[in-house]
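Heads up: the structure comes next, in structure tokens.
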């Protein structure tokens, strides 16, 4: 139930994140993307904002140095394997915590005992976790079986925690569909980094349409981690089939991962150097987005599992329709947005055939392109974030 906000104490927001950080003398080491996200919380929340982080585990990546005096939020550091207790929640009234992290599920009971308002974010369903486990090439069969058992046991704990929390923030269709049945105070959102100034312009949309109608090669783009769970192993076979069907195309691949060496080798082995171009990791706002807006026609998604990847909406914001497998995320998003095409899960030959058909139907690509941008504009980061903040403000009596 909402409560009356009568003092600053009732406005304290604590974000407990799975991101890692540590104090290094006068400076702090933090993930840059995490810092940018926390700035949004600070700007949107009317009271004080703090964040609790645990120290990085060995091998943590993407960290940078910051002066804590320059940050608009306070930091609470804990050891790497610290078990959170009631003391960690002291002085805070609204707590936002990752429900994907099993280490934090017990906070629902702690919060209830202390009259704290606990909100969980959630992205992955148990099904998605099982899909990811089975796609992991580095796990033995026995290890996968153990992981599947752990997923089942943890999911039982997760559902009990969600049921007694004040609310959920579900990223993506699969999580929202499942967990809103457990807690009816569930906000559905589509996480992404797109803003109005990053989206495709009218001139760019017209230029793409003219290009499509000119009969030039179809321009495909794929971005993200080059991992089995993302289906990156299907990129070269799809390109081979397109070439075999005499489709004129180029495929620009952005990203890095465990499959990069294999992909590079297979490009050379099958003489696809004129069709597939590997770009590596580039800056999102200054390089990837401008390239997608001006040099691409379709985003090629090979996701074999149902995680709520930002790539869908971010490419749609660039005016790109999506062609991909009918996992639970893209299947629902494609139906909702009318911004692309689906084929059966894991059927890369069907995906290639769909692309071949589209190469001969430029007007259809242009139509889906317009749908993609329209849908993305209704779900830019600011809009999605505002819904999440509004839910917590209501709990604090700030509606």
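Residue numbers (UniProt numbering): 1 to 399.
A virtual CB, placed ideally from N, CA and C, is assigned to each residue, including glycine.
Under DSSP, residue 325 shares a beta bridge with 343. In this chain, residue 170 is not harboured by any alpha helix (DSSP H); it is covered by the beta strand (DSSP E) spanning 167 to 171. For residue 205, the enclosing alpha helix (DSSP H) covers residues 202 to 213.
Per DSSP, the beta bridge partners of residue 218 are 249.
In this chain, residue 29 is not harboured by any alpha helix (DSSP H); it is covered by the beta strand (DSSP E) spanning 27 to 31.
Beyond the five residues adjoining it in sequence on each side, residue 101 comes within less than 7 Å, by CB distance, of 18 in the same chain, given in chain order.
The Cβ atoms of residue 176 and residue 162 do not sit closer than 7 Å to each other. Every beta strand (DSSP E) of 3 residues or more that sits fully in the segment 84 to 149 is shown, in chain order, as 94 to 98, 117 to 122. By the Cβ test, the segment 235 to 246 is in contact with the segment 342 to 359, since at least three Cβ pairs between them sit closer than 8 Å. Here the alpha carbons of residue 384 and residue 294 stand approximately 26 Å from one another. When the five nearest sequence neighbours on each side are left out, the beta carbons in the same chain lying within less than 6 Å of the beta carbon of residue 276 are those of 239, 251, 267, in order along the chain. A residue is called buried once 16 or more other Cβ atoms fall within 10 Å of its Cβ, and residue 209 is buried on that count. Cβ atoms of residue 345 and residue 326 come within 8 Å of each other, at about 6 Å. In this structure residue 194 touches residue 313 by the C-beta definition: roughly 6 Å separates them, less than 8 Å.
For residue 317, the enclosing alpha helix (DSSP H) stretches over residues 310 to 317. Counting C-beta pairs with one atom in each stretch, the segment 91 to 106 and the segment 371 to 380 have fewer than three that are closer than 8 Å, which means they do not touch. Your pair residue 55 and residue 22 checks out as a contact, with CB atoms roughly 5 Å apart and the cut at 8 Å.
Between residue 395 and residue 117 the beta-carbon gap is near 5 Å, inside 8 Å, which marks them as a contact.
For residue 291, the enclosing alpha helix (DSSP H) begins and ends at 289 to 295. By a beta-carbon distance limit of 8 Å, residue 119 contacts residue 392. Their separation comes to about 6 Å. Residue 157 is positioned such that its CB atom lies no closer than 7 Å to that of residue 110.
Sequence-distant Cβ neighbours of residue 151 in its own chain, meaning closer than 8 Å and more than five residues away, are 126, 129, 130, 133. Among the bridge pairs identified by DSSP, residue 66 is matched with 28.
Taken atom to atom, the span from the alpha-carbon of residue 306 to that of residue 333 is near 11 Å. Non-local beta-carbon contacts of residue 229 in its own chain, meaning distances under 6 Å to residues more than five positions away in sequence, involve 132, 135, 305 in chain order.
In the displayed model, residue 54 falls within a strand according to three-state DSSP. Taking 7 Å as the cut-off, the beta carbon of residue 52 is found closer than this to the beta carbon of residue 16. In the DSSP assignment, residue 73 falls outside any alpha helix (DSSP H), carrying neither H nor E. The DSSP-derived three-state label of residue 320 is coil. It is roughly 26 Å from the alpha-carbon of residue 96 to the alpha-carbon of residue 24. Taken through DSSP and simplified to helix, strand or coil, residue 232 comes out as helix.
Between the C-alpha atoms of residue 297 and residue 124 there is a straight-line separation of about 29 Å. Residue 319 has its alpha-carbon roughly 16 Å from the corresponding atom of residue 213.
CA-CA distance, residue 29 to residue 226, rounds to 27 Å.
Here residue 308 is not near residue 372, since their CB atoms are 7 Å or more apart. Residue 215 places its beta carbon 7 Å or farther from that of residue 311.
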